[in-house]
Amino acid sequence: MKRVLAFDFGASSGRAILGIFDGEKIELQEVHRFSNDPVKINGTVYWDVQRLFFEIKQGILKAKESGGFDSIGIDTWGVDFGLLRKDGTLVENPVHYRDARNDGMVEKATEYMSKERMYDITGIQFMDFNTIFQLLSLKENRPYILEEADKLLFMPDLLNYMLSGVKSTEFSIATTSQMVDLKTNNWSEEILDTFGIKKNLLTDIAPTGAVIGQLGTPDMRLPIQYALTYPERSDYAFEKMTGVRPEDGKSAKVGNKELLIIPGAVHTDLYDNKAGVIPWKRIENFFSENLK
């Protein structure tokens, strides 16, 4: 019997799910659900990361009461990050990807590097909240924040650090930054040098699925594992699960695992379906076929 605890953080809510595998089937139990409420202070929108960490601890306690677990995985949205001083404290709360500081940063970035070259290196879509543009905004408007920072951790890595004390960066979340070289699967030195981002601000990149540490509380010494991958790397997750690399931009199916690509959609189209692009019938058919 394998029991894992997954924390799934969205832009407005989060939940803790126990996954129980008995060797034949997986049972899911929601043990905790909570809101994720950004806070606006003096015109800047922040994530209330201390509250989110409190909710993680509540989820852990409830999971223990529900029979315990063997490992933990944390999944959040991409691009956003916390900056830590050398003593491990936050320079400031992580800033929300919808904050106005990102406005105009894509255009500003072209003064440093052409869009064509950036895309050749990273291969990801240009969105003004990608991490590189958030860092450019800090460099241009609040450089003292970067000067005070010793390490950058993305949201799931920051929460893992709060649990374990380990500073690490998971691969799929790193790729949302637009700072990873798709040929080397590591940080792009060309991008970092061009934009003046110090290399030691970033940690080494850990592979998806790596065990990175243990819970820091003395009464619960449990391995912390990256259990989930960021949706924009769904092709990578599909390959890890099936051993089959899907064709770029195309859906794929292997047994009871299916990668569903929505042509032309960006990830925000799938939050509330305002664009009407979610194929509900196809999703319903998939679960009807595989959950018997």
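Residue 161 in numbering that gives the first Met the number 0 sits at position 162 of the sequence shown, with consecutive numbering throughout.
For each residue, glycine too, the CB sits at the ideal point set by N, CA and C.
Annotated three-state conformation of Trp76 is coil, per DSSP. DSSP assignment within the stretch 85–119 yields no whole beta strand (DSSP E) run of 3 residues or more. Taking all protein chains shown into account, Asp119 has fewer than 16 neighbouring C-beta atoms within 10 Å of its C-beta and is therefore exposed. Take the alpha-carbon of Gly67 and the one of Leu60: they are about 9 angstroms apart. Taken through DSSP and simplified to helix, strand or coil, Val30 comes out as strand. Beyond the five residues adjoining it in sequence on each side, Gly275 comes within less than 6 angstroms, by CB distance, of no other residue in the same chain. Per DSSP, the beta bridge partners of Lys39 are Val44.
Separation of Gly103 and Phe132 (C-alpha to C-alpha, rounded to the nearest whole angstrom) is 9 angstroms. The beta-carbon separation of Asp156 and Ser167, rounded to 6 angstroms, stays under the 8 angstroms limit for a contact. In this chain, Glu23 is not harboured by any alpha helix (DSSP H), its DSSP state being neither H nor E. Contact between the stretch 83–98 and the stretch 137–153 is present: three or more C-beta pairs spanning the two stretches fall below 8 angstroms. Taken through DSSP and simplified to helix, strand or coil, Lys63 comes out as helix. In this structure, Gly13 sits near Glu54, with a CB-CB distance shorter than 8 angstroms. In terms of CA proximity to Lys182, Met117 leads the group Ala62, Ala251, Pro262, Met117. With the rule of 3 Cβ pairs closer than 8 angstroms, the stretch 119–129 counts as touching the stretch 181–199. In the three-state scheme derived from DSSP, where H, G and I count as helix and E and B as strand, Ser11 is classed as coil. The DSSP-derived three-state label of Arg244 is coil. Straight-line spacing of the CA atoms in Asp247 and Ile211 works out to 30 angstroms. Sequence-distant partners of Val44 (beyond 5 residues in either direction) whose C-beta falls short of 6 angstroms from its own C-beta, in its chain, are Pro37, His95, Asp98. Per the C-alpha coordinates, the member of Leu151, Trp186, Asp192 positioned closest to Asp79 is Leu151.
Here Val243 is exposed: its Cβ has fewer than 16 other Cβ atoms, across all protein chains shown, within 10 Å. The beta carbon of Ala148 sits closer than 8 angstroms to the beta carbons of Leu82, Leu83, Arg84, Val90, Leu200 from its chain, once the five residues preceding and following it are set aside; these are given in chain order. The beta strand (DSSP E) runs lying completely inside the stretch 140–224 and spanning 3 residues or more are 150–153, 210–213, 222–224, given in chain order. Ile196 and Thr174 have their alpha carbons spaced roughly 16 angstroms apart. Gly9 sits exposed, since fewer than 16 C-beta atoms from the chains shown fall within 10 Å of its C-beta.
Under the three-state reduction of DSSP output, Phe125 falls in the coil class, being neither helix nor strand.
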